[in-house]
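Chains as they are written, first to last, in our numbering: chain E, 3 to 258; chain H, 3 to 258; chain U, 3 to 258; chain P, 3 to 258. By construction, the Cβ of each residue, glycine as well, lies at the ideal position given by its N, Cα and C atoms. As structure tokens, the structure follows; a few thoughts come after it.
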């Protein structure tokens, strides 16, 4: 007879939009939330006994109800509140809440900000993963889908996509440190650029303990135009999707 | 014996990136090009006679070679040059070039523009379709994937995605007219907003003869929080992907 | 003052699954439906007068209600019934119903068919577009996403994706004719193969008046292994996604 | 000064198609391969010293060259050979090769198998992840994107997608055990079904030590047709994509 050596369950991709209707301006938060629980659920699997099991439909309802009562000023704070709620249920020993924030930019009309109209900028998204168990709470904030390009000063021109680990409040400072270092760094390899970016990000945010960068390198191949009697002084490129290089590393602050 | 009543062939998704290396700043154009030809190609299909057939590999090479010799200041002008080239080949009676422009924003470093580093903003893309045959040249410029949202002043809150028909030079003016009208219009239906947006776009660009708008309406459903003892004063919504409403119309300037 | 020269609206991507619970076996139909209407809707756009406007939410409800009362033995028959319903509404002059059928294969258990368990095979999908107006009803049946490959007997090894025009009942015969011709045809070009496939499909189905084939040709490039001291006798290939060749043609039965 | 606490790099999505041209039949293997290396690469990141660094372009070339010399009868064996090769390089301490196999079914023509024409069935894909380091080799075989459905006998009708851990040779036996158990099991929860499926898979394959199942549960909601004067005896459903339930567990054979 085999044993159940690990299990986890939950509700994924709960789409919640919250409008805060202030007297002058409206504000908008647009999130996709995943809830995942671990705990004493073996009987659900082995004996078909659903008693300890929080229904995944209840998880969804909880997210919507808490979205009403929480201001959602910070996604990490909202996710922590959700984690606290679920970890307080019988049988649950660990709750993992992950959130992706979809950005909306306020529209400008006649040079001024419009009170209630927005456009979706695309591009990078903020992510947060909160894990809560008996040992405490772990917060990982991230930035995904940031696509950058340099036309010189790099041994490997690169399209990194970054994800990092930090506290919520320093988001803009860290993005700026990453992007500025990417722009200015005279690179001998994408790996060297990655390390310099991580170092700069840690310097910019004293509260972060470590940062993990995942940088896919989408290749641009110089087209051979000689058969057509033309030179190509690093001017015309084929953009390719696959294969791509992939560099990953964690840079950690030394304990002082 | 059946007849071949229509045919067209070509090369799709040619990915070309051009870097213009000026003395101070580098500039970047990033395009996906499709080439499609019609003409006297019946023998290729019916008799297996490839004599009249421009190879699709040659189409790809032509795009890269012309990307070297053309400055690509305007995508429409570059696409017209390609169409002229192909329509001049024996057997070809009509050439259709379609282009999608992927945007790159110059990075700011220490408050100033960086000479050669860029980030991809995501969001809306510019499109152009040029058709050239014996009767002349048809230019359709477009804007796709513009996602907008209003939190009030609409009977149907909407997420339109717009595409319009105009001359190339007025791109920014038209986007502004569309977005401002969306923001300011007190809507009794998405259809009414669509018409007002088209009217404003034609007013903003005297050279455009007509505009076609395709507006998917992605629904946001108010969550019923009563079972949890909470009200929901238009504050918490489920964002849904499907089904969605779809409104399409062409608005045309009356001949004067 | 501009004029509204064309308009159309509707509900897209209505996802409906119907289970027919027979005494022995259950049967399953899984569809995605789009409804689009044209007619006397100008006042909706120009004057904000919604009186003639069938709500898109009503369209969705209609699809679900008719899915209850119709056996959906043939997707085309069900779509015709929907088109008839909408074209009977005031203001509506043309209704267009398009449907995509997602296949489910009955599972075999212990060598026999299982009464109520299914697996989704992926691969090709059946499509149908029904257009109904004052002049009559137009039926276009199609097959999309059929991906085939030949390792020899072709000047251009190809990955066609086919879509054709015919009456519903002959689906399997036509798929067989297309696929057999693809397999057996000694090709001098993908265009020649396309024509032979269309000819065979018309021969296989006496009721079809014409067939349109759209065949993307996804290239497989022979890898140059000489730098590594290896030959490559048409054995190892890079599969590429873009660019790809694209061949399109309509083959029509001559009136007798 | 921060430290580099972990790093890994490689080439992702290498697309390789191999044709084995036997005297009678041709055979086809279609793979997407990722190569990832760990080892003494700190100097590459910190000092910009690329000496120890196997270029990612070399990784790609190696995959193509080995695809020529290896028969690729089993994907796992081919991946092990690649892992052995890379782990033998200076500085490399661990190599991770992951492979996805894209299926092709031989076409039948006139009732018999065609020697060199194939169609792509879609649906489930086989995966393999081989990790090789000083401690030995770890083999994880998987099956992804298997979509199944039951119209009765389940408290939660479900669409599981399965992935499991086993030795390569038993693929078909394990798929059969999973699918048969899914079809026959009288479920009180998807969790109970998951456990029964894992138990059956371990029973079917004596060499597997454990199996991990990841089962998304895509909900089908019964449509309320009462407002339209219709009943709905579990017949008409809305298929939804999100949110979805997600059940995950590892079932392990007890040591004997």
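Beta-carbon neighbours of residue i, restricted to chain H and to distances below 7 Å
i, result
"residue 147 of chain U", "Simply none; closest approach about 16 Å."
"residue 128 of chain E", "Ordered by position in chain H, no residue passes the 7 Å Cβ test against residue 128 of chain E, which lies about 14 Å from the chain."
"residue 185 of chain E", "109, 111, 116 and 119"
"residue 136 of chain U", "Simply none; closest approach about 21 Å."
Contact set between residue i and chain P, taken where Cβ atoms lie within less than 8 Å
i, result
"residue 62 of chain E", "245"
"residue 94 of chain E", "None at all; the shortest Cβ gap to chain P is about 15 Å."
"residue 125 of chain U", "121, 122, 123, 124 and 125"
"residue 30 of chain U", "151 and 153"
Local Cβ density within 10 Å of residue i, reported as buried at 16 or more and exposed below that
i, result
"residue 256 of chain P", "exposed"
"residue 95 of chain U", "exposed"
"residue 106 of chain P", "buried"
"residue 224 of chain H", "exposed"
"residue 5 of chain U", "exposed"
"residue 14 of chain U", "buried"
"residue 144 of chain P", "buried"
"residue 160 of chain E", "For residue 160 of chain E, the predicted structure reports a pLDDT of 34, less than 50, and the residue's modelled location is therefore unreliable. A value from the coordinates is still provided. The residue in question, residue 160 of chain E, is buried, as its Cβ has 16 or more Cβ neighbours within 10 Å."
"residue 32 of chain U", "buried"
"residue 188 of chain H", "exposed"
"residue 210 of chain H", "buried"
"residue 91 of chain P", "exposed"
"residue 100 of chain U", "buried"
"residue 8 of chain U", "exposed"
"residue 200 of chain P", "buried"
"residue 114 of chain U", "exposed"
"residue 41 of chain E", "buried"
Amino acids of chain H, ordered along the chain, whose beta-carbon sits closer than 8 Å to that of residue i
i, result
"residue 253 of chain U", "4, 5, 6 and 7"
"residue 222 of chain E", "19"
Within chain U, the residues that residue i reaches when beta carbons sit closer than 8 Å
i, result
"residue 14 of chain H", "218, 244, 245, 246, 247 and 248"
"residue 46 of chain H", "191, 193 and 194"
Residue i: contacting residues in chain P (beta-carbon distance under 9 Å)
i, result
"residue 237 of chain U", "20, 21, 22, 23, 69 and 70"
Residue i in three-state terms, based on DSSP
i, result
"residue 181 of chain E", "helix"
"residue 60 of chain E", "helix"
"residue 22 of chain H", "strand"
"residue 249 of chain E", "strand"
"residue 223 of chain H", "strand"
"residue 199 of chain H", "helix"
"residue 232 of chain E", "coil"
"residue 167 of chain E", "Any reading at residue 167 of chain E must be qualified, since the residue scores a pLDDT of 46, below 50, and its modelled position is unreliable; the value itself is stated next. In this structure, residue 167 of chain E counts as coil in the three-state DSSP scheme."
"residue 175 of chain P", "helix"
"residue 68 of chain H", "helix"
"residue 137 of chain P", "coil"
"residue 44 of chain E", "helix"
"residue 13 of chain H", "strand"
"residue 187 of chain U", "coil"
"residue 212 of chain U", "strand"
"residue 149 of chain H", "coil"
"residue 194 of chain P", "helix"
Within chain P, the residues that residue i reaches when beta carbons sit closer than 7 Å
i, result
"residue 230 of chain U", "63 and 67"
Contact list for residue i against chain U, beta-carbon separation under 9 Å
i, result
"residue 256 of chain H", "3, 4 and 5"
Amino acids of chain U, ordered along the chain, whose beta-carbon sits closer than 7 Å to that of residue i
i, result
"residue 204 of chain H", "4"
"residue 50 of chain H", "190, 191 and 194"
Residues that residue i contacts on chain E, provided the C-beta gap is smaller than 7 Å
i, result
"residue 58 of chain P", "247"
"residue 201 of chain P", "4"
Partners in chain E for residue i, counting only beta-carbon separations shorter than 8 Å
i, result
"residue 17 of chain H", "240, 241 and 242"
"residue 227 of chain H", "66, 67 and 70"
Residue i: CB within 7 Å of a non-hydrogen atom of the ligand MG
i, result
"residue 218 of chain P", "Among the components of this structure there are no ligands whatsoever, and the ligand MG is therefore not found."
Stretch-stretch touch, CB-based, cutoff 8 Å, three pairs: the region 190 to 197 of chain H with the region 240 to 255 of chain H: yes
Does the pairing of the region 128 to 138 of chain P with the region 83 to 95 of chain P give three or more beta-carbon distances under 8 Å? yes
Count the CB pairs spanning the region 229 to 249 of chain E and the region 215 to 232 of chain U that are closer than 8 Å, and state whether there are at least three. no
So, do the region 51 to 59 of chain E and the region 72 to 81 of chain E have three or more beta carbon pairs nearer to each other than 8 Å? no
Counting Cβ pairs closer than 8 Å, one from the region 7 to 25 of chain P and one from the region 62 to 72 of chain P, do we hit at least three? The region 7 to 25 of chain P, when compared against the region 62 to 72 of chain P, does touch it at the 8 Å Cβ threshold.
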